[in-house]
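Residue numbers for the sequence shown follow the working numbering, beginning at 4 and rising by one.
Note that beta-carbon positions come from the ideal geometry of N, C-alpha and C, so glycine has one too.
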Amino acid sequence: MSSGYSQRLMAAVVVLTLIASGCSPSATPPTEAPAAAVADPTATEPAPIGIGGQREEVWMACYINEGRIGYTHLIVEPVNEDGRACLRWTYEDQLTLRRFDAETVVRTRLTSLETREGELLSFRSEMNTGPGTTTTEGRCKDGRLVVREATQGKVQERTLEWDRQTGSYFADHFSLRRKPMRPGESRRLQALMPVTNQVGEIQLQAETLEATALAGDTQTLLRISVTTDLGPAQLKSVVWTDEQGRPLKVKDLQLGMEAFATTREDALQQATGGSFDLGFDTIVRVDRPLPSPHRTRRIVYRAQLKEGDVKSLFATGTSQTVRPLDDGTVEVTVQAVRPDQPPKAADQPQDAPTDADRQPSTLLQSDDAAVVQMAQAVAAGESDSWTVACALEQHVKKTIRLKNYTTAMATAAEVAQSLQGDCTEHAMLLAALSRARQIPARVAIGLVYYPAARGFAYHMWTEVWIKDRWIPLDATLGLGGIGGAHLKFTHSSMQGTAAYAELFPVVQALGRLELEIVSVE
């Protein structure tokens, strides 16, 4: 277990969070684990790490709000690769969370081969968030990292410039164990980020020694604040290490998740989830109801963030404008958009479609046989793009027969086969169908009004390019466009696993956003 574990765990949960119809953190995470978290008190003493010449195996139990949600498992072992002394890291986790009373399971497996000095040679990741598995492999060669992604038979390859000093998924674990930190010390590391498979910066700040409640006892450990800079957003966590740099406890500060070193037997106990619900517990409440929200023409909101820059949280475009009121408050105006209404302002920033908004990818397989067949069967022979887009929106609403929250994120091709899912699956399939009909499309992430809770739930929908503008469509509604009840944070063309980084700004809002409805038309 490591702070590297914390970053990977946060990344997986962020992916789960972004595609849920209501996902933000609980306000009061536990200060210590339940007493039953460890079967053997000595389990918090891991074996010497592989960088010291011996194999290490570490199991951890994960919690939210005192409810067990899963486990992580890490093995580090010295190996010989083509006559060269190397380290092989193998990590896996399984997280079980509830969304609107439905159980969602996310599984991830990571492996990395690197030199004894920490130089990355190759890696592989497998992430299961839907019916299939997204597999990513990478190999360093001649100053470049060649990354190959595969999902549902679709393969995509990209190449990154690579600095040999950049670490693997486990760079911070390697750093902490190779040279334990001391109070007041700080470090900056460049490392490959799990899930996105892009390079980010990890900042470690060792604070003070403190009595730390673990699963079975209390130990004096070094508290280290960890900030992972992903460009669009920062993820924050805390790790507690012993004098040998062995992390025994980790807490992420987005969802309030905690993990504790334990035994294999304890880590594999059934996840109960406790009282935490990723849907119901994360709704952003407002103080007034919003009747007929999707028939509105224009809604003005006032928004504040308890921490962070609220001005950068909301997207701007034809359907949404943002006006700063003071350092911590913005006014967000959302209006209904159709092909000719409202007239496009002369000073509005250009946001024309890119090639990525038109082409198939490993997540939006617009060239998949089932997707193409479905797209061509809807409004067959119709040439008007807006008419086709609205027909596709209606078709997705009617076609996804089983509305469920058990799938974290399925690809468009998977949805075309299963015909089930939540808002994410509706958005992904509609985007792929639109591209298959030569209509540029992307997905949008943000909030939608949820009448049952008088608040806003996290949501995903689709945007299509018609004439000179992006127009939002929501296939969970099928209304031929939306009103003012969708608040947009960001958008993505969903080009492979790198697309997940485009969605990370949503993390800023988790548990921090406050909304007020100012006016409704």
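Helix, strand or coil at residue i [DSSP, three-state]
i	result
S189	strand
K470	coil
D269	helix
K597	Within the shown structure, residues of the chain are numbered from 4 to 524, placing residue 597 beyond reach of any answer.
D428	Looking at the sequence provided, one finds Glu at residue 428 rather than Asp. Note: E428 maps to helix in three-state DSSP.
Q511	helix
A153	strand
S421	helix
L256	coil
M196	coil
V340	coil
F126	strand
L116	strand
M184	coil
P296	helix
T137	strand
R2	The first residue shown for the chain is 4 and the last is 524, placing residue 2 beyond what the model contains.
Own chain partners of residue i with C-beta closer than 7 Å, once the 5 adjacent residues on each side are dropped
i	result
R341	I474, G484
G311	Q511, R515
G187	A209
Pair within 8 Å by beta-carbon distance, residue i and residue j
i	j	result
R102	L281	yes
E336	V313	In the sequence on display, residue 336 carries Thr and not Glu. Not closer than 8 Å, so no.
L436	M377	yes
A415	Q379	no
V451	L238	no
G121	G170	yes
A439	V391	no
T465	A444	yes
L192	F126	no
I302	A460	no
L506	S495	yes
V381	L395	yes
R404	Q423	yes
G449	K400	no
E117	L148	no
A274	G146	no
A262	M63	yes
L513	Q257	yes
G276	L100	yes
T136	E152	no
Residue from the options whose Cα sits closest to the Cα of residue i
i	options	result
D358	V253, F317, R404, Q498	Q498
E129	P356, A262, R161, T199	T199
R267	G449, Q441, L77	L77
D329	L308, A318, Q338	L308
H429	Y453, L476, A460, R472	L476
Q206	R190, T215, L179	R190
P81	S115, G234, E188	S115
D343	D232, D471, T299	D471
I442	T244, Q155, W468, N83	W468
Q168	C143, C65, L316, L271	C143
R2	P454, S388, L179	Shown here, the chain extends from 4 to 524; a query on residue 2 therefore has no answer.
L124	T107, V150, T138	V150
K182	Q159, Y172, D245	D245
Bridge partners - residue i, DSSP secondary structure assignment
i	result
H76	W62, E95
E213	L224
Q206	R191, T230
H489	V451
F177	Per DSSP, none; premise fails for F177.
Y304	V335, I520
G483	G483 pairs with nothing; no bridge assigned.
H494	A447
D145	DSSP, once it has assigned bridges, lists no residue as partnering D145.
L163	L148
D329	T332
Q323	V337
P246	The sequence as given places Glu at residue 246; Pro does not occur at that position. Paired residue(s): none; E246 is not in a bridge.
S240	V229, D255
T107	L100
Y461	L450
A264	M63
Contacting residues, own chain, Cβ-Cβ under 6 Å from residue i (five flanking each side not counted)
i	result
P363	S369, D370
E519	R305
R288	G458
Q397	G481
C426	S24, H462, M463, T479
The ligand SAH heavy atom lying under 7 Å from the CB of residue i
i	result
L308	Absent from the structure shown: the ligand SAH. Ligands present: none.
Close-in-space but distant-in-sequence residues of the same chain around residue i (CB under 8 Å, 5 per side omitted)
i	result
T324	V335, T336
F56	For the record, residue 56 in the displayed sequence is Gly; it is not Phe. Answer for G56: P81, listed in chain order.
E95	T75, H76, R110, T111, R112, L113
T596	There is simply no residue 596 to check, as the chain begins at 4 and stops at 524 in what is shown.
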